[in-house]
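The sequence shown begins at 6 in the numbering used here and counts up one residue at a time.
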Amino acid sequence: MLSRWDSTSVVDLQQQIKAVADPVVARYEHYKNATAMMLASVVSHFFNEMNKDKILEVTQHVAKNIDQVPVNEQFLQKKFDTLAQFTQTIQESGLGLILEEDSDFFEFKYSEGLKPDTVEFMNKLAIALNACRICIGIEQIYSTILNNPHIKTEEYEHFRHEVNELTKKYYSGPSSDSDYGIYLRAYYQRALSIQVRLKEQHIKVNAWKEPFAEQMQRALAAICQAINGTGLKLIDATTAYPDKTWLGDGWRPFVIGLLSELVARYYSYAYVIGGALSLNPEYCVVLSTELSQFSLIMQDQMEHLKLAMLKDADIALGDLIRHIQGEAAVHQIILVPEERSSYYSSGNLYLLYPKSNGLAALNRYSEAQYVCSDHGFQ
6 MLSRWDSTSV
16 VDLQQQIKAV
26 ADPVVARYEH
36 YKNATAMMLA
46 SVVSHFFNEM
56 NKDKILEVTQ
66 HVAKNIDQVP
76 VNEQFLQKKF
86 DTLAQFTQTI
96 QESGLGLILE
106 EDSDFFEFKY
116 SEGLKPDTVE
126 FMNKLAIALN
136 ACRICIGIEQ
146 IYSTILNNPH
156 IKTEEYEHFR
166 HEVNELTKKY
176 YSGPSSDSDY
186 GIYLRAYYQR
196 ALSIQVRLKE
206 QHIKVNAWKE
216 PFAEQMQRAL
226 AAICQAINGT
236 GLKLIDATTA
246 YPDKTWLGDG
256 WRPFVIGLLS
266 ELVARYYSYA
276 YVIGGALSLN
286 PEYCVVLSTE
296 LSQFSLIMQD
306 QMEHLKLAML
316 KDADIALGDL
326 IRHIQGEAAV
336 HQIILVPEER
346 SSYYSSGNLY
356 LLYPKSNGLA
366 ALNRYSEAQY
376 VCSDHGFQ
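Here is the structure:
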């Protein structure tokens, strides 16, 4: 029975994979943009002229220094590449936000000696930064998934590019003053070198398949758990800190904005005074479906795509090798001369023939060299 990679083209396999990869790439882009939007929103809501005294009070209280310069928003105005980098930045900011071991949420524990409004301000800031931290974490999970070695095909595609480049240079022909035998041998050796590496590449096709499957299981659980846990905390925060005026202080709309980015607008809100806010469970269903389909197709089809890429390179390389061998046969050139320390150890049996029969022996040797498989393997 033929394997699927024997009958399915590279283009067809790439289209199947692209169909499940595009939604995952789109989620990654969403969370990358959401992180930037949420951080900008935090800076705008908390680090403004109205809150300047609160930030100064916290900074001096945490540092135990009345001359301490207040923390400004610059520590949030940069690109955070990893969750660890963001966590370290927040904990070293001088705002007294602590991430307990085995916890996913910052806490402010410097309440004694501070004004109640300042403590509330810091608790709100902790909630907002927790949402940003989770968003960065989800972005990082998607980035890790999309950069898993199992779904990377660059080194497989490279073989075809390398063969095409070698073929192009070969057919451009030797210079007018070069030795044709040296020219053929050089390209023959380069082709054989690629052929050896191409054979070895087959072993690596599924080297990362099992770790990829395990990573996908962990990712799916982690993303849904993070979204549900953080989403509920944001919803609770809207009631824990109700608006103190009829017009509101902007806290509730601010939190809803964070939630909207976190769950890609999959939430429900009753537009009445003090309206109820809730998560839409459909969002995790959508994410689970996207990631499950991505995982299954990548495990099932990626190996066939890699093999199809190797097959294409193999066929093109075989054509090149056969052409070089044919040229060598026509011009009576030995492509791989063996050492001739003695008549019996050399392997060049035509040396044992009388001089008149030397040409016939050479022709038979060249014909034997020309034999190879359909795909260029000898």
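Here a beta-carbon is modelled for each residue, glycine too, at the ideal position from N, C-alpha and C.
Remember, predicted model here, so these are calculated numbers, not experimental data.
Taking residue i as the reference, give the member of the options with the closest Cα.
i: GLN206; options: SER49, ASP72, GLU105, GLU308; result: GLU308
i: GLY101; options: LEU61, LEU88, LYS83; result: LEU61
i: VAL268; options: TYR33, ILE22, ASP17; result: TYR33
i: ALA212; options: ALA191, GLN304, PHE126; result: GLN304
i: PHE52; options: MET127, ALA226, LYS173, ARG270; result: MET127
i: LYS37; options: ARG138, SER181, LEU239, GLN96; result: ARG138
Just to confirm the assignment, what range does the beta strand (DSSP E) spanning residue i have?
i: GLU112; result: 111-113
i: LEU282; result: 282-284
Could you check what DSSP says for residue i in three-state terms: helix, strand or coil?
i: ILE103; result: strand
i: TYR386; result: Nothing about residue 386 can be reported from this structure: the residues present for the chain run from 6 to 383 only.
i: GLY178; result: coil
i: LYS84; result: coil
i: GLN19; result: helix
i: SER293; result: helix
i: THR384; result: This structure cannot speak to residue 384, because the chain is shown only from 6 to 383.
i: SER98; result: coil
i: GLY118; result: coil
i: ILE339; result: coil
i: ASP305; result: helix
i: SER148; result: helix
i: GLN73; result: coil
In whole angstroms, what separates the C-alpha of residue i from that of residue j?
i: ILE329; j: TYR176; result: 10 Å
i: ALA24; j: TYR115; result: 51 Å
i: ALA196; j: VAL15; result: 22 Å
i: THR19; j: LEU310; result: Going by the sequence as given, residue 19 is Gln instead of Thr. Their backbone Cα atoms lie some 7 Å apart in a straight line.
i: SER148; j: PHE80; result: 23 Å
i: SER183; j: LEU189; result: 11 Å
i: THR92; j: LEU104; result: 8 Å
i: GLU160; j: ILE22; result: 17 Å
i: ALA313; j: GLU167; result: 16 Å
i: GLY186; j: ALA318; result: 25 Å
i: ASP27; j: ILE132; result: 32 Å
i: THR235; j: VAL124; result: 21 Å
i: ASN77; j: SER108; result: 26 Å
i: GLN200; j: LYS316; result: 11 Å
i: TYR193; j: ALA45; result: 60 Å
i: LEU282; j: VAL260; result: 11 Å
Span of the alpha helix (DSSP H) holding residue i?
i: TRP256; result: 256-267
i: THR158; result: Segment: none, THR158 is in no alpha helix (DSSP H) and carries neither H nor E.
i: MET386; result: Since the first residue shown for the chain is 6 and the last is 383, residue 386 is missing from the structure and cannot be characterised.
i: ASP58; result: 57-68
i: GLU78; result: From DSSP, GLU78 is part of no alpha helix (DSSP H); its letter is neither H nor E.
i: LYS204; result: 185-206
Assess, as a yes-or-no matter, whether the segment 230-245 is touched by the segment 132-143 under the definition of 3 or more beta carbon pairs within less than 8 Å. yes
Contact between the segment 208-217 and the segment 147-156 (3+ Cβ pairs under 8 Å): yes
With a cut-off of 8 Å, do at least 3 Cβ pairs link the segment 102-121 to the segment 49-65? yes
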